[in-house]
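A.B. asks: For the sequence shown, position 9 (counting from the first letter as 1) is numbered 9 according to full-length UniProt numbering, and the numbering increases by one without interruption. All C-beta atoms in this analysis are idealised placements derived from N, C-alpha and C, irrespective of residue type, glycine included. Model, not experiment: these values are computed from the prediction.
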Amino acid sequence: MSMHFHFPVSCPVKYFDYYRLLVGGASTCDFADFVWRNRSPPCAQFFMWLLVQESVKNRALLLTKHIVPDTACELCSTNYEDANHIIFHCVTAAAFWSVLGIDVGATPSVRCLWDLPRPPCIPAAHFISFIHLCCWHIWKHRNELITIFFCMRLVNEGLLILGAVVEPTEAVCTVACVKGAYIRCRNYPRQQLYGCACHCAPPDGKRCVVHLPDRKAQRCWKRG
Ligand SMILES: [Zn+2]
């Protein structure tokens, strides 16, 4: 149902007064200040708005919509992935908080992220934005890993093989996933390596070369 506000012409209240009533009223939710009153970029704020309501996409949520068959986390062996697992307990997230020296065990839910204990080395004035950015990057990192794992699974199943579509440049990896190509690497002699995008070359790769199905071989832009 759409809502329409009709202001009487004779009404002495200006539109700005209505706006102030809407955004500055006393009836705000308990996470409003945490989500919006800070210096975080809008993309992180919007993500946090979803996160504190446990509305970011996760396996438990997608199962209720019959989009996925189960709630198993795609990154670790846990069989129940919800918003709390993604932000606090999944393998890379837990390691991330541990390195920062923040004990997330004291905070039972993403619904009260503002209760995270602040390490003394982080100024109080910026701690909320710091939490925003941490959660935002944990989320992005998780999605990147899932994308990589998905591509690698397709590679292993023979459905997707590395290829390249345009000429490489010094700054941008132009390798994309197409069928019929592979990498050779000096550190892995006599092996054909497969992968996806700029994650193709092995971390210790040396003089990696992408062999294309219908073009000449070309150097991988990342590996010297
Ligand atoms: Zn996990």
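Pairs of beta-carbons, one from the region 122-136 and one from the region 37-48, closer than 8 Å: are there three or more?
C.D. replies: yes
A.B. asks: With a 10 Å radius around its C-beta and 16 neighbouring C-beta atoms as the bar for buried, classify A181 as buried or exposed.
C.D. replies: buried
A.B. asks: Please state whether DSSP places P189 in a helix, a strand or coil.
C.D. replies: strand
A.B. asks: Looking at H141 and ligand 3, is the gap between the Cβ and the nearest heavy atom below 7 Å?
C.D. replies: Questions concerning ligand 3 fall outside what the structure shown contains, since the ligands it does hold are ligand 1.
A.B. asks: In whole angstroms, give me the CA-to-CA distance for L63 and E54.
C.D. replies: 14 Å
A.B. asks: Going by beta carbon distance, what residues of the same chain come within less than 7 Å of D103, once the five residues before and after it are set aside?
C.D. replies: P117
A.B. asks: Here's a check: name, in chain order, each residue in its chain whose Cβ is nearer than 8 Å to the Cβ of V68, leaving out the five neighbours to either side.
C.D. replies: For V68, where only same-chain residues beyond five positions count, the Cβ hits under 8 Å are R59, L62.
A.B. asks: Just how far apart, CA to CA, sit P119 and P41?
C.D. replies: 22 Å
A.B. asks: Which of the three DSSP states, helix, strand or coil, is assigned to I146?
C.D. replies: helix
A.B. asks: At which residues does the beta strand (DSSP E) containing V52 begin and terminate?
C.D. replies: That residue, V52, is in no beta strand (DSSP E); it is neither H nor E in DSSP.
A.B. asks: Would you give the residue range spanned by the alpha helix (DSSP H) that V209 belongs to?
C.D. replies: Where V209 is concerned, there is no enclosing alpha helix (DSSP H), although the beta strand (DSSP E) it sits in stretches over 209-211.
A.B. asks: In the DSSP assignment, what are the bridge partners of I183?
C.D. replies: L193, V210
A.B. asks: DSSP on V165, reduced to helix/strand/coil?
C.D. replies: Residue confidence for V165 is low, a pLDDT of 42 falling below 50, so the modelled location carries little weight; the figure read from the coordinates is stated next. Coil, per DSSP.
A.B. asks: Which value, in whole angstroms, describes the spacing of the CA atoms of V172 and K140?
C.D. replies: Only weak support is given to the placement of V172: the predicted model assigns it a pLDDT of 45, under 50, and the value that follows is read from those uncertain coordinates. Taking the straight line joining both Cα atoms gives about 20 Å.
A.B. asks: Please give the ranges of any alpha helix (DSSP H) in the region 64-139, keeping only runs that are unbroken, at least 4 residues long and fully inside the region.
C.D. replies: Entirely contained in the region 64-139, the alpha helix (DSSP H) runs reaching 4 residues are, in chain order, 91-100.
A.B. asks: Who are the near neighbours of residue 274 in its chain, counting only those whose CB is closer than 8 Å to its CB and skipping five residues on each side?
C.D. replies: Because residue 274 is not part of the residues shown, which for the chain are 1 to 224, the question remains open.
A.B. asks: Suppose the cutoff is 8 Å on Cβ atoms and the five residues either side in sequence are ignored; what does the same chain contact list for I122 look like?
C.D. replies: F130
A.B. asks: Consider the C-beta atom of H211 and the heavy atoms of ligand 1; say whether any pair is separated by less than 7 Å.
C.D. replies: no
A.B. asks: Quick check on D30: does DSSP put it in helix, strand or coil?
C.D. replies: coil
A.B. asks: Nearest-angstrom Cα distance between D30 and I87?
C.D. replies: Near 20 Å, if we compare the C-alpha coordinates of I87 and D30.
A.B. asks: In chain order, what residues have a CB nearer than 5 Å to some heavy atom of ligand 1?
C.D. replies: C73, L75, C76, T78, C90
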